[in-house]
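All remarks here apply to the structure that follows.
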Amino acid sequence: MNRQIRNYIFMFSGVLALAGAALYITDRIHAPYVFAAGAAGITVCFMTVVPPKDSGFRRRRLHRINVLAGISMIASSIFMFRERMEWVVFLLIAALLMIYTSSVTPRADE
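Per the working numbering, residue 14 is the first one in the sequence shown, and the count goes up by one each step.
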């Protein structure tokens with residue numbers, strides 16, 4: 014997948030995930046579908062990034078953490094469909110993992 018296309022899909026999926034989480038307050042029928050589409054897009058973007066073979070251990074570990082965050086978002090959407098409030102916990106876990114990887118990734122390039 015082209016890097017620019019992946020970036021656009023990631024941004025659009027992030028907007029969908031945010032809109033689905035916010036929409037859950039008022040419209041519990043359509044919100045899981047919007048959130049699930051966003052979570053699926055984010056997970057696909059994380060899984061299609063292939064770290065170079067010569068990348069270090071740290072870069073590969075950060076990639077696996079991002080994939081784990083995507084899977085946590087998928088789990089969050091499953092709980093949202095079942096109308097269980099555990100979706101918030103899984104979304105928080107995914108958000109914390111993504112914040113960690115985004116703050117550590119620039120230092121991994123050094």
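Heads up, the beta-carbon is just placed ideally off N, CA and C, and yes, glycines get one too. This one's a predicted model, so the numbers in the text were calculated from it and none came from an experiment.
Taking DSSP as the reference, what is the three-state secondary structure of residue i?
| i | result |
| --- | --- |
| isoleucine 42 | coil |
From which residue to which residue does the alpha helix (DSSP H) around residue i run?
| i | result |
| --- | --- |
| serine 68 | From DSSP, serine 68 is part of no alpha helix (DSSP H); its letter is neither H nor E. |
| asparagine 20 | 16-36 |
Secondary structure, alpha helix (DSSP H): runs of 4+ residues fully inside the stretch 59-120: 70-94
Touch test, the stretch 49-63 against the stretch 79-93, Cβ-Cβ under 8 Å, three pairs minimum: Yes, the stretch 49-63 touches the stretch 79-93.
Any 3 or more C-beta pairs closer than 8 Å across the stretch 73-83 and the stretch 29-45: no
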